[in-house]
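Before any comments, here is the structure.
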Amino acid sequence: MVYYRRLGQVPKTRHTAFRADSGALYHEELMGEEGFSSDSSLLYHRHIPSALVGARVWELPDQALTPNTPLLPRHLRLHGLFTDEQAAGADAVRGRRLVLGNGDVRIGYAVVGATSPLYRNAVGDECVYVEDGSAVVETVFGALPVSGGDYVVIPRATTHRWVVGEGARTRLYFIEASSHIGPPRRYLSRYGQLLEHAPYCERDLRGPEEPLLADGADVDVYVKHRGDGPNGLSGSVHTVPHHPFDVVGWDGCLYPYVFAVDDFMPVTGKVHQPPPVHQVFEGGNFVVCNFVPRKVDYHPLSIPVPYYHSNVDSDEVMFYVGGDYEARKGSGIGVGSVSLHPGGHAHGPQPGAAEASIGKDRFDELSVMVDTFRPLLLGEGGLAADDGVYASSWTGGRWVSGG
Numbered sequence: 000m001v002y003y004r005r006l007g008q009v010p011k012t013r014h015t016a017f018r019a020d021s022g023a024l025y026h027e028e029l030m031g032e033e034g035f036s037s038d039s040s041l042l043y044h045r046h047i048p049s050a051l052v053g054a055r056v057w058e059l060p061d062q063a064l065t066p067n068t069p070l071l072p073r074h075l076r077l078h079g080l081f082t083d084e085q086a087a088g089a090d091a092v093r094g095r096r097l098v099l100g101n102g103d104v105r106i107g108y109a110v111v112g113a114t115s116p117l118y119r120n121a122v123g124d125e126c127v128y129v130e131d132g133s134a135v136v137e138t139v140f141g142a143l144p145v146s147g148g149d150y151v152v153i154p155r156a157t158t159h160r161w162v163v164g165e166g167a168r169t170r171l172y173f174i175e176a177s178s179h180i181g182p183p184r185r186y187l188s189r190y191g192q193l194l195e196h197a198p199y200c201e202r203d204l205r206g207p208e209e210p211l212l213a214d215g216a217d218v219d220v221y222v223k224h225r226g227d228g229p230n231g232l233s234g235s236v237h238t239v240p241h242h243p244f245d246v247v248g249w250d251g252c253l254y255p256y257v258f259a260v261d262d263f264m265p266v267t268g269k270v271h272q273p274p275p276v277h278q279v280f281e282g283g284n285f286v287v288c289n290f291v292p293r294k295v296d297y298h299p300l301s302i303p304v305p306y307y308h309s310n311v312d313s314d315e316v317m318f319y320v321g322g323d324y325e326a327r328k329g330s331g332i333g334v335g336s337v338s339l340h341p342g343g344h345a346h347g348p349q350p351g352a353a354e355a356s357i358g359k360d361r362f363d364e365l366s367v368m369v370d371t372f373r374p375l376l377l378g379e380g381g382l383a384a385d386d387g388v389y390a391s392s393w394t395g396g397r398w399v400s401g402g
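Quick look at the structure:
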């Protein structure tokens, strides 16, 4: 995270004895990145955070990946992945389905109606986009209420759970990194402050407001970690003697936070602007962009929809969340769709979309884009959601197979 916060009780001097009123010593935990060389926070626990009383294997949801061969652009209909009955019993940890992935990032989706178990991703940071619905993300740092349009950035190894109301349905789009996720470096000063040209600032980021304390004995925590499972991932369940939400205070620059997509300030120009102006976060070998409702190009001859472009170095994944998509009209893509445009295939507006966009001065669209710099493979959710016909949408359905 990019700026310092302090919540609850912390001692005047770090790494010194800090006691409860009873005289019991609080247990200080440094949670830090890059081996003491990057952002960190100090958390003060009532109980020893290393304590374990049991462990067992957690069989992760299907993590298998299938190559996108033959190379094709694809349209994935995510809203068809969960029936209402399935969503009622699904939670945000065990119920997510893998849509796309590679060694750097995994994209998943879930419609959840149940509160998740406690969870810790020890592989990398998670950025979760709340498509619609609401939840409270309870974390060892405190609670974060979220609703449709919120991004939730959760640092690696943060113990947390997703709490949803009884009878509720919340749609979640998961971006799981094998690295850290944060604001693009070009938006930051050398000291980490968001600069004037950044499309958001620190006051737009919501962190926890107070410590979250809970009691309990022999509590299970689900841990996703590196291992010998598919894609090098494995799962374990740690049973801890005391509830991990026992932090009386913390301070530092590493913590979960929320950013509302409505607070993103879009950049527009005289002619069509390239996707990097829409960037919101970055991770190792991938970036996250969002396209929000905005005024568009003001040159008298401008074509507001994107020009055809070849993703020479990246695969492009677009999740369509709301509004109308001028460039994709006639393709079958709508709210709840994901398009995959892989490197090696030129893509752009559907036939007639460029002509139809001339003269428009505003786009009412909302979407989340992930660009990866290594090829993406299809997860079981992606295979199940594929419409099978999108590749022919630029030729009116004409398709020649075999050869």
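Take the sequence shown: its letter number 146 is residue 145 in numbering that gives the first Met the number 0, and every next letter is one higher.
Even glycine gets a Cβ: it sits at the ideal position worked out from N, Cα and C.
CB-CB length for residue i against residue j, believed under 8 Å
i	j	result
Val-162	Ala-134	6 Å
Ala-89	Ala-113	6 Å
Leu-70	Gly-343	6 Å
Tyr-389	Val-260	Their Cβ separation, rounded to whole angstroms, is 25 Å, which puts Tyr-389 and Val-260 out of contact at 8 Å.
Endpoints, the alpha helix (DSSP H) within which residue i is located
i	result
Asp-360	Careful: Asp-360 lies outside any alpha helix (DSSP H) and carries neither H nor E.
Leu-382	379-384
For residue i, the residue or residues it bridges with in DSSP
i	result
Asp-219	Thr-238
Val-145	Ala-134
Cys-288	Gln-278, Met-368
Trp-74	A small correction: the amino acid at residue 74 is His; Trp does not occupy that position in the sequence shown. For His-74, which the question treats as bridged, DSSP gives the partners Ser-338.
Ser-309	Ala-345
Thr-65	Leu-377
His-196	In the DSSP output, where bridge partners are listed per residue, His-196 has none listed.
Span of the beta strand (DSSP E) around residue i
i	result
Gln-278	278-282
Asp-149	149-153
Glu-175	169-176
Ala-156	Where Ala-156 is concerned, there is no enclosing beta strand (DSSP E), given that its DSSP letter is neither H nor E.
Gly-479	Lying outside 0 to 402, the shown extent of the chain, residue 479 is not represented and no answer is given.
Ala-86	Unbroken run through Ala-86 is the alpha helix (DSSP H), 83-88; no beta strand (DSSP E).
Leu-117	117-120
Ala-259	256-259
Gly-321	314-322
Ala-109	104-111
Gly-206	Premise fails: Gly-206 is in no beta strand (DSSP E) and is neither H nor E.
Arg-5	4-7
Val-98	96-100
Cα-Cα separation between residue i and residue j, rounded to whole angstroms
i	j	result
Pro-10	Gly-380	48 Å
Ser-177	Val-127	14 Å
Asn-424	Arg-185	What the structure shows of the chain is the stretch from 0 to 402, and residue 424 is not part of that stretch, so it cannot be assessed.
Asp-385	Val-337	9 Å
Ile-174	Pro-374	16 Å
Glu-208	Phe-140	9 Å
Arg-119	Arg-160	9 Å
His-340	Ser-313	9 Å
Trp-393	Phe-362	22 Å
Val-291	Glu-33	33 Å
Ile-47	His-26	6 Å
Glu-281	Glu-125	12 Å
Tyr-38	Gly-31	Per the sequence presented here, residue 38 reads as Asp, with Tyr not at that position. Computed Cα separation, rounded: 6 Å.
Asp-214	Gly-248	16 Å
Ile-302	Ala-353	6 Å
Thr-407	Arg-18	Nothing about residue 407 can be read from this structure; the chain reaches only from 0 to 402.
Leu-376	Arg-13	46 Å
Ser-146	Val-399	45 Å
Leu-24	Val-246	13 Å
Glu-165	Pro-350	45 Å
Ala-16	Gln-8	13 Å
Closer than 7 Å: residue i CB and nearest the ligand FAD heavy atom
i	result
Leu-24	This structure lacks the ligand FAD, and indeed carries no ligand of any kind.
Below-8 Å beta-carbon distance, residue i vs any chain D residue
i	result
His-271	Chain labels in this structure do not include chain D; a single protein chain is all it has.
* Report the residue ranges of all beta strand (DSSP E) runs contained in full by the region 17-64; include only those spanning at least 3 residues, in chain order. => List check, beta strand (DSSP E) in window: 26-31, 39-44, 53-56.
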